[in-house]
Amino acid sequence: MAVRRIVDIVESFQKKPWKLRKPQVVQFPVNDICDAKCQMCNIWQQHFDTQVNLAEVEKIFSNPLFSEVRGIGLNGGEPTLRPDLPDIADILYQKLPKLRHISLITNGTKADRVAERIDHLAAVVKKHAGYLDVMVSLDGVGEVHDRVRGRPGNFSNAIKVLEHVCQHEGVDSTRIGCTVIRENVYGIHDLYDFARERDIYIKYRLGVPHQRLYTAPAESRQIGKRTWIFTRPYDLDFKARVHFSEFLWGLIKHYEPSWQQRYFYQSLIGQLIENAPRTAGCDWQHRGVTVSARGELLYCAVQSPVLGDARVEDAEKLYFENKPKLEEIIKNNCAQCAHDYVGLPAGNVLLRETFNEVLGKFGLEAADIKRLPGLKTWLKRRARQRFLKREKSVLSNVVYRSESSSKNTLTILVCGWYGTETLGDKAILGGVMASIRSVFPDSKLLLASLNSYISRSTCEQMPELAPVEIVDVQQAAKRMGEVALLVFGGGPLMAIDEMADMDALFSIAKGLGVPSVIAGCGVGPLGDAYKNAAIKHLLQSASYRIYRDDSSSKAAQALGVISSGRDFVAEDPAFEWVKINADKCHVTRTNRPTLLLGLRDWPYREYAAHLSQPEALDIKHRFEAAVISALELVVEREPSLVILPLPMCTNHFGDDDRFFYRKLLTSTPIKKALDRRFLAEELAPIKYLEAFLEAHVALTMRFHASVFSIACGLPTVALDYTLGQGKVASVAQRFNVPCLDLRDVDANRLADLLHRQMSQSVVDRPALEFSSVFSAILAKEFGRQAVSS
Numbered sequence: 001m002a003v004r005r006i007v008d009i010v011e012s013f014q015k016k017p018w019k020l021r022k023p024q025v026v027q028f029p030v031n032d033i034c035d036a037k038c039q040m041c042n043i044w045q046q047h048f049d050t051q052v053n054l055a056e057v058e059k060i061f062s063n064p065l066f067s068e069v070r071g072i073g074l075n076g077g078e079p080t081l082r083p084d085l086p087d088i089a090d091i092l093y094q095k096l097p098k099l100r101h102i103s104l105i106t107n108g109t110k111a112d113r114v115a116e117r118i119d120h121l122a123a124v125v126k127k128h129a130g131y132l133d134v135m136v137s138l139d140g141v142g143e144v145h146d147r148v149r150g151r152p153g154n155f156s157n158a159i160k161v162l163e164h165v166c167q168h169e170g171v172d173s174t175r176i177g178c179t180v181i182r183e184n185v186y187g188i189h190d191l192y193d194f195a196r197e198r199d200i201y202i203k204y205r206l207g208v209p210h211q212r213l214y215t216a217p218a219e220s221r222q223i224g225k226r227t228w229i230f231t232r233p234y235d236l237d238f239k240a241r242v243h244f245s246e247f248l249w250g251l252i253k254h255y256e257p258s259w260q261q262r263y264f265y266q267s268l269i270g271q272l273i274e275n276a277p278r279t280a281g282c283d284w285q286h287r288g289v290t291v292s293a294r295g296e297l298l299y300c301a302v303q304s305p306v307l308g309d310a311r312v313e314d315a316e317k318l319y320f321e322n323k324p325k326l327e328e329i330i331k332n333n334c335a336q337c338a339h340d341y342v343g344l345p346a347g348n349v350l351l352r353e354t355f356n357e358v359l360g361k362f363g364l365e366a367a368d369i370k371r372l373p374g375l376k377t378w379l380k381r382r383a384r385q386r387f388l389k390r391e392k393s394v395l396s397n398v399v400y401r402s403e404s405s406s407k408n409t410l411t412i413l414v415c416g417w418y419g420t421e422t423l424g425d426k427a428i429l430g431g432v433m434a435s436i437r438s439v440f441p442d443s444k445l446l447l448a449s450l451n452s453y454i455s456r457s458t459c460e461q462m463p464e465l466a467p468v469e470i471v472d473v474q475q476a477a478k479r480m481g482e483v484a485l486l487v488f489g490g491g492p493l494m495a496i497d498e499m500a501d502m503d504a505l506f507s508i509a510k511g512l513g514v515p516s517v518i519a520g521c522g523v524g525p526l527g528d529a530y531k532n533a534a535i536k537h538l539l540q541s542a543s544y545r546i547y548r549d550d551s552s553s554k555a556a557q558a559l560g561v562i563s564s565g566r567d568f569v570a571e572d573p574a575f576e577w578v579k580i581n582a583d584k585c586h587v588t589r590t591n592r593p594t595l596l597l598g599l600r601d602w603p604y605r606e607y608a609a610h611l612s613q614p615e616a617l618d619i620k621h622r623f624e625a626a627v628i629s630a631l632e633l634v635v636e637r638e639p640s641l642v643i644l645p646l647p648m649c650t651n652h653f654g655d656d657d658r659f660f661y662r663k664l665l666t667s668t669p670i671k672k673a674l675d676r677r678f679l680a681e682e683l684a685p686i687k688y689l690e691a692f693l694e695a696h697v698a699l700t701m702r703f704h705a706s707v708f709s710i711a712c713g714l715p716t717v718a719l720d721y722t723l724g725q726g727k728v729a730s731v732a733q734r735f736n737v738p739c740l741d742l743r744d745v746d747a748n749r750l751a752d753l754l755h756r757q758m759s760q761s762v763v764d765r766p767a768l769e770f771s772s773v774f775s776a777i778l779a780k781e782f783g784r785q786a787v788s789s
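According to the UniProt record's numbering, the sequence shown is numbered sequentially starting from 1.
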């Protein structure tokens, strides 16, 4: 094993195409017919013509080409339609000296037949001391799966097969395979829960054009005497691609155990979001082969032409002498391929993961090595150098004020943590933009985004942001010369790497004489000295500073920022957006008592860096257990209670709350009280606001969950996850909201507070002043322009 890995590492650093080797893996679709009618496959429209018989299977796999094969995948069509499937496996073990692993993929459409085939197949594999993996295709829960697979009742049959396989002593591993297309993309979270609750591993793949499945990208295709039109159900629109990508990020962080599969998911995300070339490895580029149900030899099943008929031709000769065809595929097709083949990744990735595996054998992780005294110091120095280099990169884009800038239309650049925005950030942006528009209705608005696809989603969800032009940070720096005002649009000024970008933009603005405003920001959490220095410098570079609370103003002064007549304190800009939109919603509170949750996974590395990991995890686990127990107590007192988990963050940059809720709540006694409507598809901010307006009480943890509930007049209990570092306790204190420190959450006390708050009537919405303060600054700075506009 060690020698093979060394060979792999050496090879992975070579330039592609790599040396063509005898295949170690074989994909063997044993038939070309199927009893399902899947949307993403058209094999079911194929009529049976011919398939290899047992004698032909024996002849094909007797060829020396297959002497190194260690794993083979049996699929179709539907492989269990072949009564001789176990006999095929028997022949494979007899003819392939190194074969151990057989993987079967089945649709489970006819449960009894499938179970019988698996029984017989398992007996054969066991006889040869092999390893049997069974993957059951499942593309959604209930009717979702049936729609994808084209047959009512398919889901219930697939479940029977799963139950049979999970209990089968002869099956070594059981998996669920989900193919994601338009039909089921918004049901993938529910299927994730389904698999996790049953402790069955699930793998997700993107439906792709596939010539073996008769779904090559053509409008029509002739099969026998029939012509069919393929509707391309796998073409996901932008919203669906973002949804699927964020789901994959959640799997990478919270679920997927295999580094190779995690790397594939990352590669797929790049393809979905950035149209980036594939980075995931593929064994079929140099050591994999496909044998079709007709005995044809191909490299991969997605793009390869038929190399020849392995029943009558020399498979080894076909494989090696057609190498130019494989090189052509690698050159022209592989970079765009999103199929779920895996293989050797880039050399640096394989080397890193091998290092991690070696550490694991000694009970260590990479983080343990990084804590070594000398290495820790070096890493800190390196991180500082990267931060300064990042800031310098933005500063190098300075373009002096453009003479062509319009004197009649102001261009205003808004920056901040956009491109990572939570629901709170979206509301902040809406509030800031509304305040700008109130003074300069005809201004041109630019939004500097760290990840443009996230900000594009935001602008598509919020009609009021339709005129906004999204630019990246480098573009923002280059266009500062045409900008009349730079605004840091809310959120915390915190010690993260991206602060380098923000400090650079404010430095450029100051150098060009562009006025700038810190608009409703907090200060902290702080961190490394050089990042804190960047926060201080940004604050000092700003023309005006509006803090979102007194504690932030004091935190800035503690950094050395001298207060002046250009410093103000006002409410968070998100209050403004809620105020504007709450009256437009026209919703009333529901008849059934509803408890809205605005919780999050505790980011203890940010807020408890002074604690050891075991200490922090102990607090985290005790807090989560107390919350669950408190919710159980509340449900006991209010049996009709609806618990509505609402994700304030639906992207991986800020920790997707949907994964946290599903992990925290799904397997608890309160499961029946849960309303999960917000735990799948990301919705427009207005839909979440309506939920706050309809609820009777809120339990909030995220800062802007508290802001929303307070602004909506919703009785609230807040949980301070910052361990007293500011924002949550500060807003709770200002509005007389009961607030518990995360370390001190007690189930009985929390249940009592929630019950007491639930009995209260709607509280008055707070008076808001951000817009008036911000608008006054704009009018003072640009009074003449405002008149002319």
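Here a beta-carbon is modelled for each residue, glycine too, at the ideal position from N, C-alpha and C.
Residues that residue i bridges to, as DSSP identifies them
i       : result
Gly-491 : Cys-521
Ile-643 : Leu-595 and Leu-674
Tyr-201 : Arg-175
Val-483 : DSSP, once it has assigned bridges, lists no residue as partnering Val-483.
Leu-298 : Thr-290
Pro-29  : Asn-75
Leu-121 : None; Leu-121 has no bridge partner.
Cys-166 : DSSP, once it has assigned bridges, lists no residue as partnering Cys-166.
Cys-739 : Ala-718
Arg-516 : The sequence shown places Ser at residue 516, rather than the Arg named in the question. Beta-bridge pairing links Ser-516 to Leu-486.
Alpha-carbon to alpha-carbon, residue j and residue i
i       : j       : result
Trp-378 : Asn-397 : 29 Å
Ile-329 : Ser-292 : 19 Å
Phe-440 : Thr-411 : 10 Å
Tyr-721 : Ser-553 : 21 Å
Asp-119 : Gly-108 : 14 Å
Ala-630 : Gln-474 : 48 Å
Tyr-661 : Ser-304 : 44 Å
Pro-83  : Gly-288 : 27 Å
Cys-178 : Arg-658 : 19 Å
Arg-566 : Arg-605 : 34 Å
Per-residue DSSP class, three states only, for residue i
i       : result
Val-745 : coil
His-286 : coil
Ser-452 : helix
His-339 : coil
Glu-469 : strand
Met-40  : coil
Phe-13  : coil
His-101 : strand
Lys-110 : coil
Trp-18  : coil
Ile-88  : helix
Leu-689 : helix
Leu-54  : helix
First and last residue of the uninterrupted alpha helix (DSSP H) at residue i
i       : result
Val-634 : 613-637
Ile-436 : 423-439
Tyr-131 : Here Tyr-131 belongs to no alpha helix (DSSP H); instead the beta strand (DSSP E) covers 131-137.
Asp-720 : Element bounds for Asp-720: not the alpha helix (DSSP H) but the beta strand (DSSP E), 716-720.
Tyr-265 : 259-274
First through last residue of the beta strand (DSSP E) which encompasses residue i
i       : result
Gly-71  : 71-75
Ala-698 : 697-700
Ile-412 : 411-415
Tyr-547 : 544-547
Exposure label - residue i; buried when at least 16 CB within 10 Å
i       : result
Thr-588 : exposed
Lys-376 : exposed
Gln-94  : exposed
Arg-548 : buried
Val-148 : buried
Leu-298 : buried
Lys-16  : exposed
Beta carbon proximity, residue i to chain C, threshold 8 Å
i       : result
Ser-771 : No chain C is part of this structure, which consists of one protein chain only.
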